[in-house]
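**Student:** All residue numbers for the sequence shown refer to the working numbering, where the first residue is 23 and numbers rise by one.
For every residue, glycine included, the Cβ atom is placed at its ideal position computed from N, Cα and C.
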Amino acid sequence: MTVSSHELYELHRVTTPVLEIAYHRVGERRREADVPVILLHGFPYDVRAYDEVARLLAEAGREVLVPYLRGYGPTRFLAEDTRRSGQQAALAQDLLEFMDALGIERAVVAGYDWGGRAACAAAALWPERVHGLVTAGGYLVQDIARAMEPAGPEAERNLWYQYYFHSERGRQGLERNREELCGLLWRLWSPTWPKVQEAFAASAASLYNPDFVDVAIHSYRHRYGLVEGDPRYQELEDALAGRPTIVAPAVVLVGEENGVIPAADQTSIERFTGPCEVRTLPGVGHNVPQEAPEAFAEAILGLPD
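1. Any idea if proline 213 is buried or exposed, counting beta-carbon neighbours within 10 angstroms, 16 or more meaning buried?
2. The beta strand (DSSP E) spanning leucine 87 covers which residue range?
3. Please return the same chain residues whose Cβ sits closer than 7 Å to the Cβ of arginine 265, not counting the five positions on each side in sequence.
4. Is the segment 296 to 307 touching the segment 40 to 55 in the sense that three or more CB pairs, one from each, lie closer than 8 Å?
5. What are the boundary residues of the beta strand (DSSP E) that alanine 272 is part of?
6. Quickly, what does DSSP pair isoleucine 43 with across the bridge? List them, please.
7. Confirm, please, whether the CB-CB distance from glutamate 42 to arginine 106 is below 8 Å.
8. How close, in whole Å, do the beta carbons of histidine 308 and tryptophan 182 come, if the pair is a contact with beta carbons under 8 Å?
9. Would you kindly report the start and end of the unbroken alpha helix (DSSP H) that includes arginine 198?
10. Between the beta-carbon of phenylalanine 65 and the beta-carbon of tryptophan 148, is there less than 8 Å?
11. Pick helix, strand or coil for tyrosine 31, following the three-state DSSP scheme.
12. For cysteine 298, write down the residues that DSSP places opposite it in a beta bridge.
13. Report the three-state DSSP secondary structure of alanine 114 (helix, strand or coil).
14. Going by CA-CA distance only, name the one from Ile60, Gly195, Gln219, Pro232 that's closest to arginine 84.
15. At what residues does the beta strand (DSSP E) containing histidine 153 begin and finish?
16. Which of the three DSSP states, helix, strand or coil, is assigned to tyrosine 185?
17. Alpha carbon to alpha carbon, how far is glutamate 197 from tyrosine 230?
18. Rounded to whole angstroms, what's the CA-CA distance from leucine 118 to glycine 49? Just pull it up for me.
19. Counting C-beta neighbours from all protein chains within 10 Å, is the total for glutamate 259 16 or more, i.e. buried, or is it exposed?
20. In whole angstroms, what is the alpha-carbon distance linking alanine 158 and glycine 133?
21. Have a look at Ala221, Gly251, Thr24, Glu171 and flag the residue whose alpha-carbon is nearest the alpha-carbon of leucine 113.
22. Between the alpha carbons of glutamate 150 and alanine 272, how many angstroms are there, rounded?
23. Given a threshold of 16 other Cβ atoms within 10 Å of its Cβ, counted over all protein chains shown, does asparagine 199 qualify as buried or as exposed?
24. Can you list, in chain order, the residues of its chain whose CB lies under 6 Å from that of arginine 193, leaving out five sequence neighbours each side?
25. Give the straight-line distance between the Cα atoms of valine 36 and glycine 174, rounded to the nearest whole angstrom.
26. Can you look up glycine 205 in the DSSP assignment and give me helix, strand or coil?
27. Drop a sphere of 10 angstroms on the beta-carbon of tyrosine 94, count the other beta-carbons inside from all chains shown, and report buried for 16 or more, exposed for fewer.
28. Can the beta-carbon of leucine 325 be found closer than 8 Å to that of glycine 154?
29. For leucine 124, I'd like the list of residues in its chain whose CB is within less than 7 Å of its CB, leaving aside the five on either flank, ordered along the chain.
30. What is the DSSP secondary structure of glycine 133, reduced to helix, strand or coil?
31. Shortest alpha-carbon distance to valine 88 belongs to which of Ser189, Glu102, Tyr72, Leu78?
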């Protein structure tokens, strides 16, 4: 099948207990055995990261769903008094509730950055719901108990933005300068990608979600144990603190030019106890699906039935 631009950009919405999640749906399943594919973006990106991946998967006969995460684009919280949490358990629960709301029992989940964390956490917590996993960057469940242990100086330098967000100065900087700051992060994290500025311009509008700053700031403070999480997710956080393994068939994609996580730190292969293949992508930075869509789609299509 040929995928039209209308299909790639047509917006759908579904209501979960906490959110109205906006998403794109492309393609139809050719075989009853095929499960849907859910593609999850990261910070500070959006669904446009998956336009080419979604097209390739749909043309290969897969049903593809690409949601905007909490705090991005048209996705909205249902209640004003809901904590604008960006913690990893919230992202995982959002994924599960998205699947529940659409009546999806099992899916292939794939992502990078925050989206990869949601996918990894869901695969670890609810293995019966995850048919297969593609994760750019490896096992992305945060080890919050050890978050204050320093890394080497080169790695610490790459995390400057996280420490910036720990301060009120950083929160105001993200609020006032979100395009300049996030555009800088895109360029630093994908230093060899010639299309980075053009791609950022297509995604920048999603950063003006009214909850973007609050969700992002909470995420970068919670992962270091600096703020409390939302109590509704505490049981899941406790489970994730044990660093549960992933049994679903998985492909780990490693971008060699990732400007935030060195290639050597991107696997944690011991946390994958099911079939797992690591594929290294020369010349590819942090935004793997947009920089290397063919490799990303091939990883999904190559997962076992």
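**Tutor:** Looking at the coordinates:
1. In the sequence shown, the residue the question calls residue 213 occupies position 191. So proline 213 counts as exposed.
2. The count along the sequence shown starts at 1 and reaches residue 87 at position 65. Unbroken beta strand (DSSP E) run through leucine 87: 86 to 89.
3. Here residue 265 refers to the residue found at position 243 when the sequence shown is read from its first residue. Sequence-distant Cβ neighbours of arginine 265 in its own chain, meaning closer than 7 Å and more than five residues away, are Val163, Asp165, Arg293.
4. By the C-beta criterion, the segment 40 to 55 is judged not to be in contact with the segment 296 to 307, since fewer than 3 inter-stretch pairs fall below 8 Å.
5. Numbered from its first residue, the sequence shown carries residue 272 at position 250. In this chain, the beta strand (DSSP E) harbouring alanine 272 covers 272 to 277.
6. Within the sequence shown, numbered from 1, the residue matching residue 43 stands at position 21. Answer is Val36.
7. Within the sequence shown, residue 106 is the residue found at index 84, counting from 1. Within the sequence shown, residue 42 is the residue found at index 20, counting from 1. Contact: no.
8. Along the sequence shown, read from residue 1 onward, the residue named residue 308 stands at position 286. Along the sequence shown, read from residue 1 onward, the residue named residue 182 stands at position 160. Their Cβ separation, rounded to whole angstroms, is 15 Å, which puts histidine 308 and tryptophan 182 out of contact at 8 Å.
9. On the sequence shown, residue 198 is found 176 positions in, with the first residue counted as 1. It spans 190 to 198 - the alpha helix (DSSP H) in which arginine 198 sits, taken as one unbroken run.
10. By one-based count along the sequence shown, residue 65 stands at place 43. By one-based count along the sequence shown, residue 148 stands at place 126. Between phenylalanine 65 and tryptophan 148, the C-beta gap is not smaller than 8 Å, which leaves the two residues out of contact.
11. Residue mapping note: residue 31 aligns to position 9 of the sequence shown, counting from 1. Three-state result, tyrosine 31: helix.
12. Reading the sequence shown from its first residue, position 276 is the one you call residue 298. DSSP output for cysteine 298 lists Ala272 as bridge partner(s).
13. Taking the sequence shown and counting its residues from 1, one reaches residue 114 at position 92. DSSP places alanine 114 in helix when its eight states are reduced to three.
14. Within the sequence shown, residue 84 is the residue found at index 62, counting from 1. The candidate whose alpha carbon is nearest that of arginine 84 is Ile60.
15. Translated into the one-based positions of the sequence shown, residue 153 becomes position 131. Looking at the DSSP string, the run of the beta strand (DSSP E) that includes histidine 153 is 152 to 158.
16. Looking up residue 185 in the sequence shown gives position 163. Helix, per DSSP.
17. For the purposes of this step, residue 197 is identified with residue 175 of the sequence shown, where counting begins at 1. For the purposes of this step, residue 230 is identified with residue 208 of the sequence shown, where counting begins at 1. One alpha carbon belongs to glutamate 197, the other to tyrosine 230, and they sit about 9 Å apart.
18. Locating residue 118 in the sequence shown gives position 96, counting from the first residue. Locating residue 49 in the sequence shown gives position 27, counting from the first residue. About 21 Å.
19. On the sequence shown, residue 259 is found 237 positions in, with the first residue counted as 1. By the neighbour-count criterion, in which a residue is buried when 16 or more other Cβ atoms sit within 10 angstroms of its Cβ, glutamate 259 is buried.
20. Taking the first residue of the sequence shown as 1, we reach residue 158 at position 136. Taking the first residue of the sequence shown as 1, we reach residue 133 at position 111. Alanine 158 and glycine 133: Cα-Cα distance of roughly 6 Å.
21. Here residue 113 refers to the residue found at position 91 when the sequence shown is read from its first residue. Each of Ala221, Gly251, Thr24, Glu171 was checked against the Cα of leucine 113, and the nearest Cα belongs to Gly251.
22. One-based indexing of the sequence shown puts residue 150 at position 128. One-based indexing of the sequence shown puts residue 272 at position 250. Going by the C-alpha atoms only, they are around 14 Å apart.
23. Within the sequence shown, the letter at position 177 stands for residue 199. By the 10 Å Cβ count, asparagine 199 comes out exposed.
24. Start at 1 with the first residue of the sequence shown, and residue 193 comes out as number 171. For arginine 193, where only same-chain residues beyond five positions count, the Cβ hits under 6 Å are Ile239.
25. Your numbering for residue 36 matches position 14 in the sequence shown. Your numbering for residue 174 matches position 152 in the sequence shown. Going by the C-alpha atoms only, they are around 43 Å apart.
26. Stepping through the sequence shown from its first residue, residue 205 is reached at position 183. In this structure, glycine 205 counts as helix in the three-state DSSP scheme.
27. Taking the sequence shown and counting its residues from 1, one reaches residue 94 at position 72. Classification for tyrosine 94: buried.
28. Within the sequence shown, residue 325 is the residue found at index 303, counting from 1. Within the sequence shown, residue 154 is the residue found at index 132, counting from 1. Contact: yes.
29. Locating residue 124 in the sequence shown gives position 102, where the first residue counts as 1. Excluding residues up to 5 positions away in sequence, Val36 lie with their Cβ nearer than 7 Å to the Cβ of leucine 124 in the same chain.
30. The residue you call residue 133 lines up with position 111 of the sequence shown. DSSP places glycine 133 in the strand class (E or B) of the three-state scheme.
31. The residue labelled residue 88 in the question sits at position 66 within the sequence shown. It is Tyr72 whose Cα lies nearest to the Cα of valine 88.
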